[in-house]
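Read through the structure below, which is laid out as structure tokens, and then see the notes.
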Amino acid sequence: MATPHAPPPSSAAKQTELVWSSPACRQLIRNHSLRGTGVLAWGPAAGRQCYDLLVIGGGSGGLACAKEAAQLGKKVAVVDYVEPSPRGTRWGLGGTCVSVGCIPKLMHQAALLGGMIRDAPHYGWGVAQAPHSWATLADAVQNHVKSLNWGHRVQLQDRKVKYFNVKASFVDTHTVCGVSKGGEETLLSAEHIVIATGGRPRYPTHIEGALEYGITSDDLFWLKESPGKTLVVGASYVALECAGLLTGLGLDTTVMIRSVPLRAFDQQMASLVTEHMAGHGTRILRGCAPEKVEKLPGQQLRVTWVDLTSDRKDAGTFDTVLWAIGRVPETASLNLEKAGVHTNPVTGKILVDAQEATSVPHIYAIGDVAEGRPELTPTAIMAGRLLAQRLSGRTSDLMDYSSVPTTVFTPLEYGCVGLSEEAAVARHGEEHVEVYHAFYKPLEFTVPQRDASQCYIKMVCLREPPQLVLGLHFLGPNAGEVIQGFALGIKCGASYQQLMRTVGIHPTCAEEVAKLRISKRSGLDPTVTGC
């Protein structure tokens, strides 16, 4: 976990940092306000030395930017502070991905292992069906996360990046004031500032009892005891991933979906994902919205909801209610208006251009906090590194946000890259789009006779030869591993004809991509038969 205070700086560091005690900080701000210039004096004329780069936010994107800039010779500081969740959950340096997102999806692997144990007797292994221990898994995952948190601290130190565990807000366009957990203030200034504060789960504060009794993904992976019977509210990939892994661990799990699942994804694929979940133990309430959460005497929670179609109310009892209804950017406490940084008034995200620059040219924003950017760790990391390289004069390359691959880690994984079928039709017209598809059965599903009715592949192409591939969608085991390889080809402009000339590796699920011969337009049965 991150320590609340930075270690005392050396005498050399004191000469190169803008660090003020609380009274001095306030006095500087007062003097600045009286001058009415709107900007503190900058550079040697102010009689002080400053950082080349200040990164606000210690998540994947911010750390990547800071470490890259330091490696290229810049003097860099990182400020990061994790505000505890309403349930009191907090974590160390590393951001959402490391602490409460991607890495804790080790629990997804635990759920998959449960399925393998059930398959084992079919392969001749006499394995006892032992109950799952949440406490053992949670402890292992949390220990791994803490080791990663500490590893980030060590990496910053090795690269001579100064780390401040403070909550930052802008004083002016070049300066931020950081407040530690103990209330101590630190004033820091830099030539360039990068905002990489990410986002946090949204709470439906209009619902009675939501904040008092509900949790989010920020809390789930840090629970010491099993969440028990759980209601997951939301239709996002976070909602479906959490529900899927809880079901896989043997917990009674319900998902409440107000409208459509996985709205930003291909809707045929989204339907198959939820069909598979429903067929494998997850209860799905469609077209419903929660109205109230009450705590019962026995510590259980009573949730009242309404069916939006019939207007009929219903209720259920759960041990845990998990909100997964979206995320909000961490911008509220940054005092962005003091620096003149503009945000989208609806989303609260920071407006940026292709250079990742905000409305203030030397202030940048990357990752989930930036408007119009994919909320994906790898894109934030690459954007951060490229930004550091541009600021160091090493490149003029911009981040390319097109054809970014991703995977939804539901029990049957869904990986994709490029356009959905709906987006391709909207952009090019239905008459110019050809879709090749197939239902297939993974070899490992055959012996235990696992249901493979939702294992499906879809390739979206331009209809005109050589049929440029616009998007690829894969639903099945190890979808992320499969899509990662094909993402390179699609990024390089691969055509359908080229993919059909690619020799597959037998027997794998990935080879089915290179065997897609049936188009939707043909009307033929796309079910794969034989090898």
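Each residue of the sequence shown is one higher than the last, beginning at 1 in full-length UniProt numbering.
For glycine and all other residues, C-beta sits at the position ideal for the given N, C-alpha and C.
Quick one: what's got a C-beta closer than 6 Å to residue i's C-beta in the same chain, skipping five residues either side?
i: K229; result: D252, F318, D319
i: L398; result: A354
i: L249; result: A111, H132
i: M500; result: none
i: R450; result: none
i: R87; result: I215, D219
i: P466; result: S495, Q497
i: L28; result: Because the pLDDT of L28 is 47, which lies under 50, any placement of that residue in the model is unreliable, and the question is left without a value.
i: A357; result: Y364
i: A510; result: V482
My guess is that residue i and residue j are in contact by the Cβ rule of under 8 Å, so how many angstroms apart are they, rounded?
i: C416; j: L472; result: 7 Å
i: Q267; j: V260; result: 7 Å
i: S403; j: K458; result: That belief does not hold up - the Cβ atoms of S403 and K458 are roughly 16 Å apart, past 8 Å.
i: L391; j: E371; result: No, L391 and E371 are not in contact; Cβ-Cβ is about 21 Å, not under 8 Å.
i: I366; j: A487; result: About 21 Å separates the two Cβ atoms, so there is no contact after all.
i: G115; j: G384; result: Rounded, the Cβ-Cβ distance is 37 Å, inconsistent with contact.
Using the rule of at least 16 other Cβ atoms within 10 Å of the residue's Cβ for burial, across every protein chain shown, is residue i buried or exposed?
i: H506; result: exposed
i: Y496; result: buried
i: G36; result: In this prediction, G36 scores a pLDDT of 38, lower than 50, which makes its location untrustworthy; the coordinate-derived value is nonetheless stated afterwards. Classification of G36: exposed, given that the 10 Å Cβ count is below 16.
i: H108; result: buried
i: K295; result: exposed
i: P44; result: Note on P44: pLDDT 39, under 50, position unreliable in the model; the coordinate value appears next. So P44 ends up on the exposed side.
i: D368; result: buried
i: T136; result: exposed
i: S226; result: buried
i: H276; result: buried
i: F265; result: buried
i: A270; result: buried
i: C177; result: buried
i: L113; result: exposed
i: S99; result: buried
i: V273; result: buried
i: T247; result: buried
i: G337; result: Per the sequence shown, the amino acid found at residue 337 is Glu instead of Gly. With fewer than 16 other Cβ atoms within 10 Å, it is exposed.
i: W91; result: buried
i: E83; result: exposed
i: E330; result: buried
i: R427; result: exposed
i: T379; result: buried
i: L301; result: buried
i: L443; result: exposed
i: T395; result: exposed
i: I56; result: buried
Using a Cβ-Cβ cutoff of less than 7 Å, which residues in the same chain neighbour residue i once the five nearest sequence positions on both sides are dropped?
i: L34; result: Confidence at L34 is low in this model, with a pLDDT of 32, below 50, so the placement of that residue is unreliable and no value is reported for it.
i: V328; result: G199, R200, R202, G348
i: G493; result: L468
i: P104; result: V141, V145, F221
i: A424; result: V433, V460, L470, G471
i: residue 534; result: Residue 534 lies beyond the residue range present for the chain, which begins at 1 and ends at 531; the question has no answer from this structure.
i: Y123; result: V447
i: T309; result: G287
i: Y163; result: A6, V78, R153, L156
i: P204; result: A210, W323, I325
i: A339; result: F170, D172, T173, V360, I363
Residue j and residue i - do their beta-carbons sit closer together than 7 Å?
i: G316; j: V303; result: yes
i: L93; j: D80; result: yes
i: C97; j: A388; result: no
i: D219; j: S85; result: yes
i: V161; j: V233; result: no
i: G209; j: V293; result: yes
i: V408; j: Y213; result: no
i: P526; j: F439; result: yes
i: Y414; j: S519; result: no
i: G52; j: K67; result: Note that residue 52 corresponds to Asp in the displayed sequence, not to Gly. Against a cut-off of 7 Å, the Cβ pair of K67 and D52 comes out as no contact.
i: W305; j: D311; result: no
i: A514; j: T529; result: no
i: A289; j: R263; result: no
i: G476; j: C455; result: yes
i: L284; j: V321; result: Checking the sequence, you will find Ile at residue 284 rather than Leu. Taking 7 Å as the Cβ cut-off, I284 and V321 do not qualify as a contacting pair.
i: E241; j: T410; result: yes
Got a sec? Which residues, its chain only, sit under 8 Å from residue i by beta carbon, not counting five neighbours each side?
i: R118; result: Q129, P448
i: E464; result: H432
Continuous beta strand (DSSP E) assignments of at least 3 residues falling wholly in the region 110 to 192: Fully enclosed beta strand (DSSP E) runs of 3 or longer: 162 to 164, 167 to 170, 175 to 179.
Would you mind listing the alpha helix (DSSP H) stretches within the region 243 to 329 that are 4+ residues and don't spill past its ends, in chain order? Every alpha helix (DSSP H) stretch that sits fully inside the region 243 to 329 and reaches 4 residues is listed by chain position as 267 to 279.
Which runs of the alpha helix (DSSP H) at least 4 residues long sit entirely within the region 344 to 406? Give them in chain order. Taking only runs of at least 4 residues, the alpha helix (DSSP H) segments lying wholly in the region 344 to 406 are 377 to 391.
Runs of alpha helix (DSSP H) wholly within the region 59 to 103 (minimum 4 residues, chain order): Every alpha helix (DSSP H) stretch that sits fully inside the region 59 to 103 and reaches 4 residues is listed by chain position as 60 to 71, 95 to 100.
Alpha helix (DSSP H) segments (min. 4 residues) lying fully within the region 407 to 451: Whole alpha helix (DSSP H) segments, 4+ residues: 421 to 428, 443 to 446.
Entirely within the region 449 to 513 and at least 3 residues each: give me those beta strand (DSSP E) ranges in chain order. 456 to 462, 469 to 475, all fully within the region 449 to 513.
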